[in-house]
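So the protein lines, in turn, are chains A and B.
Here the working numbering is used: the first residue of the first sequence is 1, the next is one more, and so on.
Here the working numbering is used: the first residue of the second sequence is 380, the next is one more, and so on.
Number of protein chains: 2
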Amino acid sequence: MKCTVLKEKLVDAVNRVMKAISSKTTMPILTGVKITSGSDGITLTGSNSDISIKSFIPLEEDGNENATINTPGQIVLPSRLFSELVRKLPNDDVHIEVDSRLITKIISGATEFSLNGLDPEEYPNLPIINENDVFKIRKDLLKDLVRQTVYAVAVTETRPVLTGVKWIIQDSRLSCVATDSHRLAQRSVAIEDAEESGPHTLVIPGPSLNELSKILDDDDEQMVDIVMTNNQILFKSHNVQFYSRLLDGNYPDTSRLIPSDSKTTIDLGTKALYHAIERASLLAKEERNNVVKLRAEGNQVEISSQSLELGRVYETLVTEKFEGDPLRISFSAKFMMDALSKVDAQNVRIHFAGPMRPIIIRPIGDENILMLILPIRTF
Amino acid sequence: MKCTVLKEKLVDAVNRVMKAISSKTTMPILTGVKITSGSDGITLTGSNSDISIKSFIPLEEDGNENATINTPGQIVLPSRLFSELVRKLPNDDVHIEVDSRLITKIISGATEFSLNGLDPEEYPNLPIINENDVFKIRKDLLKDLVRQTVYAVAVTETRPVLTGVKWIIQDSRLSCVATDSHRLAQRSVAIEDAEESGPHTLVIPGPSLNELSKILDDDDEQMVDIVMTNNQILFKSHNVQFYSRLLDGNYPDTSRLIPSDSKTTIDLGTKALYHAIERASLLAKEERNNVVKLRAEGNQVEISSQSLELGRVYETLVTEKFEGDPLRISFSAKFMMDALSKVDAQNVRIHFAGPMRPIIIRPIGDENILMLILPIRTF
C-alpha cells in the first residue's frame, strides 16, 4: 500500500472511527484502526463488539483532491498512537507506505514515522447487511430523536433489553421509546422513502446511539439512510457508515405505564421550572436521594427541598394554567431536569394522576413527545 | 448582618476565594467562606493552611453601585454550596440576611435559600502583616515570572524547600529560581518602589504561586504590591489580597549547577523544536522514561525516539547556527517541552557542555531567562 492524503481529511476520518475503538478488548487487533486504500479512495475502519464505523475519504470531493493512491492495499495501525500523530504532523500532506513486513512509513515534511503495523488479514469482517428494509430520515431529526429518548435507558444490566431504545417502524412513522422503569421518554416522527416488508421492531443499545450522535456532522439537512436487519442496524450518512448490533429480548409494553387520566394539570415555562429545580437540587443532592417537593394550588407552584445539615430552599412559580386538585408530590430532581433539558418548546404541560402515580411531561405544541417520571413517596 | 449585593460581583469574589478553600481540612470552619459586611463594602475570605485570599466588593466602583449594607456583620457559609447557588440565582440582586441563630437567608427574585451558617468567631484570624518591606511589580510581568519558573519546582517532598521558588530581592532586582534537581528555571526582572531593609531571600511554595496566577485578572498593566515578612508574603492587587506562607530551610546554591563552558552551541526555532520533540515523544512516552535523542552535526539536528513495540520516528531540523563539536545526547521529552513552552522568543540558543553535563536553554534576545535540564545516559 502506498498513498498520499490530506492531513485534515485523515484527522476527521480517524476522529470518527476512534469512537468505535476501545482500548479494552479481548481481540488485540481491534485496538487498531484499519486503513484501506482502494481505487476510489481511502477507508478507515474502527470496531468493537457493539459498533463499527467506516469513514471514507474519496479521491476527489467538490473539485478538490483529497488523496492519491499509488498502490492499493491495507494495514492496521495502533489507533491511539496513529490518531495522535496524524494530528501533530507538520505538513498538509501525509504520505503512507507499507512494506511487505507491515512496517508502515508515515512521512510529512521532515518527519518520518516508521510504525510496526498489524496484519489486516486478522481484522474481522464487518457484518454483511442486506439492504431490503431501508428508510431515510433528516440528520437533525435523527439527532433530536436520539437526544430526546436515549437519556432514559437503563444503565444497569439487570434487564439488558432496557439498556436500549426501542424503535418501531410502521406506516411511514418511526416511534422511539426508552425506559429504565423509573422514567420513560418517547417520541415519534414521520420517515421518508420507507421500503418496508411489514412493521419492524428493534432495540438499539443506548451507548450505540450516543456514539452515532457524536459522529454525525452538523450538515443537518442531509438525509441519513437507515438499513435494518435482524441483528444489525446500519446508518449511512455522507462518507460515513455506522453499524450497531441490536439487543435481543422482549421489550416490555410501555403503553400501560402511561396514565390516561389526570387529576391536576399545570403549564409552566420550561426554563423557569428547570432552573427552580436545579436550585432546589443544590440542597437535595446533599441528601442521599436528590428529591425535591412540588406543591401546587391556585396558580402558585412551590418548589422546595431541604438538607438537615445545610438548610432549605423555596421558590414560587406562577403557572399560566392550573386545572384540577391542589397537589403535593415529590420526585427526583435529576430525572425532572433530564426530561426538561430535552424540551425545545418554551412551555411544558405536566399531568399528575395522583401523588403516587406517574407524572407526564409534554412540550406544549408537540404532541409527538411524551416524558414520564415516577414520583417518590415523602409526604 | 443584612446587605444587598450585585450577583456578578459576588460570583467573581466567591470564585477567587474558592481557590484557597480545600474540602480536606482538619479545621471544618475552613471549608466555609467568610463574608464580612462593613461600612465600605463586603469582604469574602477563604483560607487553608498555606494560603488565604481576601476579595473585596466596594459599595461603589466607577460610579456604579455594587452593594448596600443595612447592618454590618459577618457569617461563614459552606463554600461549595454557596458558590454554586450564587451562580444559579435568578436575579441580578442578591439579598443576604443573618439572624441571631446564624440562619442565613439568601433571597433573589422568587428564590429563598435559608442556610445554616457557621460561627464567624471560630474563623481563624489572617496573619498580621507589617508593611515594612514592600515592592511593586507589573501584573503581567509577575504572571510571566511565575509561569517561567514554577514549572521546575519539585513535586515530591523529599527536600521540601525545593517545592518552592526562591526569590531574591536585591538592588531593585527580583531574581527567581526553581529546581527539582533534574532541571532548573531562573529569571530576573527589575522591580519598582522597593523599600528594602537590605537584601531579602524567601522561598514561596510552588502551589501558592500557581493559585496566585489564577486569581490575578487580566488587567495586565496594573501594579501588584508585594509585602514580605519572615514567614508570610502578601500580594495586593485591585480589591484582592493573597497571603502565602513561606517555606523554611536552606535553599541550595544553584549557581554551581550551571556550566560556564560550552562544547556545542546550536540555535533553533522554538516552535519547530518543540513540535519535533512532541512528535518524538509520542513513541518515547510509550516506553518507561519518555527519552528522546538529539544528534547534531554540521547544520543538521536530528530528533528521534523509538519504542520496541510500536516503531521509530526521525525528524531533521536545520539549525541557523552551529558551533563546536558534533553531539549525541538524550534527554526527557517532557522536561524539554516544559522549558520550550515557557519561551516567548522565536528562537532559542542551546548550550551543551558534554553528553552527561547540563543542557542550557536561553531565549535569544533575553539574557534574564535561563533554563537547564540534565541529560539522560542512553548512548
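The C-beta atom is built at its ideal place from N, Cα and C for all residues, glycine as well.
In this text, all values refer to a predicted model and were calculated from it rather than measured experimentally.
Looking at chain B, is there any beta carbon in it that lies within less than 8 Å of the beta carbon of residue i?
i, result
"N289/A", "no"
"T31/A", "no"
"K7/A", "no"
"L257/A", "no"
"L268/A", "no"
With a 10 Å radius around its C-beta and 16 neighbouring C-beta atoms as the bar for buried, classify residue i as buried or exposed.
i, result
"T71/A", "exposed"
"A663/B", "buried"
"A13/A", "buried"
"K413/B", "buried"
"H275/A", "buried"
"P499/B", "buried"
"N230/A", "exposed"
"V534/B", "exposed"
"G198/A", "exposed"
"K403/B", "exposed"
"A190/A", "exposed"
"S39/A", "exposed"
Does DSSP put residue i in a helix, a strand or coil?
i, result
"Q527/B", "helix"
"N182/A", "The sequence given here has His at residue 182/A, not Asn. In the structure shown, H182/A sits in coil (DSSP, three-state: anything other than H, G, I, E or B)."
"P578/B", "coil"
"L59/A", "coil"
"T270/A", "helix"
"F99/A", "Checking the sequence shown, residue 99/A turns out to be Asp, not Phe. Coil at D99/A, not helix or strand."
"N589/B", "helix"
"M371/A", "strand"
"V396/B", "helix"
"L246/A", "coil"
"V727/B", "strand"
"E157/A", "coil"
"S260/A", "coil"
"A296/A", "strand"
"I329/A", "strand"
"I107/A", "strand"
"D519/B", "helix"
"R312/A", "strand"
"A655/B", "helix"
"S22/A", "coil"
For residue i, go through chain A and note every residue whose CB falls closer than 7 Å to its CB, in chain order.
i, result
"Y693/B", "E112"
"G690/B", "F113, S114, L115 and N116"
For residue i, go through chain B and note every residue whose CB falls closer than 9 Å to its CB, in chain order.
i, result
"R173/A", "Here the premise fails: no neighbours, minimum Cβ distance about 40 Å."
Taking C-beta to C-beta, are residue i and residue j nearer than 8 Å?
i, j, result
"V697/B", "Q679/B", "yes"
"E112/A", "V692/B", "yes"
"P160/A", "L247/A", "yes"
"V348/A", "L273/A", "yes"
"L327/A", "R377/A", "no"
"R760/B", "S616/B", "This structure does not reach residue 760/B, given that chain B is present from 380 up to 758, and the question cannot be answered."
"V224/A", "L174/A", "no"
"N504/B", "K386/B", "no"
"P259/A", "A353/A", "yes"
"G425/B", "I432/B", "yes"
"K545/B", "V606/B", "no"
"L234/A", "I350/A", "no"
What in chain B is Cβ-close to residue i, meaning under 7 Å?
i, result
"E84/A", "L661"
"P78/A", "L689"
Could you confirm whether any beta carbon from chain A is found closer than 8 Å to the beta carbon of residue i?
i, result
"R658/B", "yes"
"L460/B", "yes"
Residues of chain A with CB under 8 Å from residue i, in chain order?
i, result
"H654/B", "K88 and P90"
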